[in-house]
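Student:
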Amino acid sequence: MATQARWPLSTAMRLFYLQHQIPPPRKMESTRYEARINLALEALQENRNLSVRAAAKIYNVQRSTLQNRRVGKLARRDIPANSRKLTDLEEKAVIEHIVELSTRSFSA
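In the UniProt record's numbering, the protein residues as written are 1 to 108.
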């Protein structure tokens, strides 16, 4: 006997999950790179005599990336996509509505 899902998913929910899959975890190297950037930024704050070029060389990060982060520019992964149509609140409301309809056995 095949096991059934805990909550039956409507067609809309399956389509939603297929289109909005959770991204794979970041590679360890990118996490380490971000950590090195943060360490370089801390070093720049603590030592006013340290140049951006020297900090980039010491921590093995791109000088331009370090300079951008220093002036407040976010990492690309932290910026919402330009093609997003819904805000976070709207997206959450749509998901809650679909889940509610699914629990009522309505197909959306």
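Glycine included, every Cβ here is placed at the ideal spot set by N, Cα and C. Small disclaimer: the values here were computed from a predicted structure and weren't measured.
Distance, Cα to Cα, Q62 vs E42?
Tutor: Numbered from 1 along the sequence shown, position 62 holds the residue referred to as residue 62. Numbered from 1 along the sequence shown, position 42 holds the residue referred to as residue 42. Near 16 Å, if we compare the C-alpha coordinates of E42 and Q62.
Student: Quick check: the stretch 51-61 against the stretch 30-42, are at least 3 beta-carbon pairs closer than 8 Å?
Tutor: Result yes; three or more Cβ-Cβ pairs closer than 8 Å.
Student: Indicate whether L66 and A93 have their beta-carbon atoms separated by less than 8 Å.
Tutor: In the sequence shown, residue 66 corresponds to position 66, counting from 1. In the sequence shown, residue 93 corresponds to position 93, counting from 1. No; because the gap between Cβ atoms is not below 8 Å, this pair is not in contact.
Student: Going straight from the alpha carbon of H97 to that of N82, what length do you get?
Tutor: In the sequence shown, the residue the question calls residue 97 occupies position 97. In the sequence shown, the residue the question calls residue 82 occupies position 82. Answer to the nearest angstrom: the Cα atoms are 25 Å apart.
Student: Here's the rule I'm using: 16 or more other beta-carbon atoms within 10 Å means buried, otherwise exposed. How should A55 be labelled?
Tutor: For the purposes of this step, residue 55 is identified with residue 55 of the sequence shown, where counting begins at 1. A55 should be labelled buried.
Student: Quick check: V52 and R70, are their CB atoms within less than 8 Å of each other?
Tutor: As a position in the sequence shown, residue 52 is number 52, starting the count at 1. As a position in the sequence shown, residue 70 is number 70, starting the count at 1. Cβ distance < 8 Å, so V52 and R70 count as in contact.
Student: Residues in the same chain with beta-carbon distance under 8 Å from L89, minus the five sequence neighbours each way, listed in chain order, please.
Tutor: Residue mapping note: residue 89 aligns to position 89 of the sequence shown, counting from 1. Closer than 8 Å at the Cβ level, and outside the excluded window around L89, lies no residue.
Student: Just mark L74 as buried or exposed, buried being the case when its beta carbon has 16 or more other beta carbons within 10 Å.
Tutor: The residue you call residue 74 lines up with position 74 of the sequence shown. Looking at its Cβ environment, which holds fewer than 16 other Cβ atoms inside 10 Å, L74 is exposed.
Student: What would DSSP say about Q62, mapped onto helix, strand or coil?
Tutor: In the sequence shown, counting from the first residue as 1, residue 62 sits at position 62. The answer is coil: DSSP assigns Q62 none of H, G, I, E or B.
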